[in-house]
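Asks:
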Amino acid sequence: MKKAISTPKAPAAIGPYSQGIIAEPGSFIFTAGQIPLVPETGEMRNANIEEATEQVLKNLQEVLAAGSASMDDVVKVTVFMTDLSEFSAMNEVYSKFFKERPPARSAVQVAALPKGARIEIEAIARVRK
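Converting from the sequence shown to the numbering used here requires adding 7 to each position, the first position being numbered 1.
1. So, for R52: in the same chain, excluding its five sequence neighbours on each side, which residues have a beta-carbon less than 7 Å away from its beta-carbon?
2. Could you tell me the boundaries of the alpha helix (DSSP H) in which K103 lies?
3. Rounded C-beta distance between L64 and F94? I'm assuming under 8 Å.
4. The alpha helix (DSSP H) spanning T38 covers which residue range?
5. Do you know offhand how far V117's Cα is from T38's?
6. Would you call G40 buried or exposed, if buried means 16 or more other Cβ atoms sit within 10 Å of its Cβ?
7. Output the distance between the C-alpha atoms of L71 and R112, rounded to the nearest integer angstrom.
8. Who are the Cβ neighbours of M8 in its own chain at under 7 Å, not counting the five residues just before and after it?
9. Does the distance from the C-beta atom of I56 to that of A119 stay below 8 Å?
10. Once the 5 residues before and after T85 are set aside, which same chain residues still bring their CB inside 6 Å of it?
11. What number of angstroms, rounded off, separates the C-alpha of R135 from the C-alpha of S77?
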C-alpha cells in the first residue's frame, strides 16, 4: 500500500507523478526528483549551481515535511547534474543541509533535465513513528 504526498510548499508535479510516496505501513518516503523551481512563483532559480542546489534542497525539505520526515531522516540521495564540473560547488551547499551522518549518495551526470534545470535531487527517507 502507498500514500501520495502533496504540498503547495514545493513545486507541483509537472507530469504524471507524485511529489512523494509513503510506502506503508509508514516506513519509507520516496520523493520525486526536485528541480530548482520556486513553488510560489514557478520561477527557476538556476543562475548558478549554488542557488539551484539550495532551492532544490529547500523543495526536498518541504516534501519530506509533508510526509512527517526531515533531512535527518534521509537515508539515500541521488543527485542528477548536467555538469559534474560543478560537483564541488554543489557539495558546499549540500553539506549545509546534511551536517551529521549524511545519507548515502550517488551523483550522475545527465545530458538534460526538465525545464532546463542544471540539478535534480531525489531522496529516500525513513518515516518516524
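The C-beta atom is built at its ideal place from N, Cα and C for all residues, glycine as well. Since we're looking at a predicted model, the values are computed, not measured.
Replies: In terms of the structure at hand:
1. Here the set comprises P43, V45, E58, A59 and Q62.
2. Where K103 is concerned, the enclosing alpha helix (DSSP H) stretches over F94 to F104.
3. Not a contact, Cβ separation roughly 15 Å.
4. Careful: T38 lies outside any alpha helix (DSSP H), inside the beta strand (DSSP E) at F35 to T38.
5. Straight-line Cα distance between these residues: approximately 19 Å.
6. With a threshold of 16 other beta carbon atoms within 10 Å, G40 meets it and is buried.
7. When only Cα atoms are considered, L71 and R112 end up about 17 Å apart.
8. Correct list, in chain order: E31.
9. Not in contact: I56 and A119 (Cβ atoms no closer than 8 Å).
10. Excluding positions up to five away in sequence, the list reads S113 and E129.
11. In this structure, the straight-line span from the alpha carbon of R135 to that of S77 is close to 9 Å.
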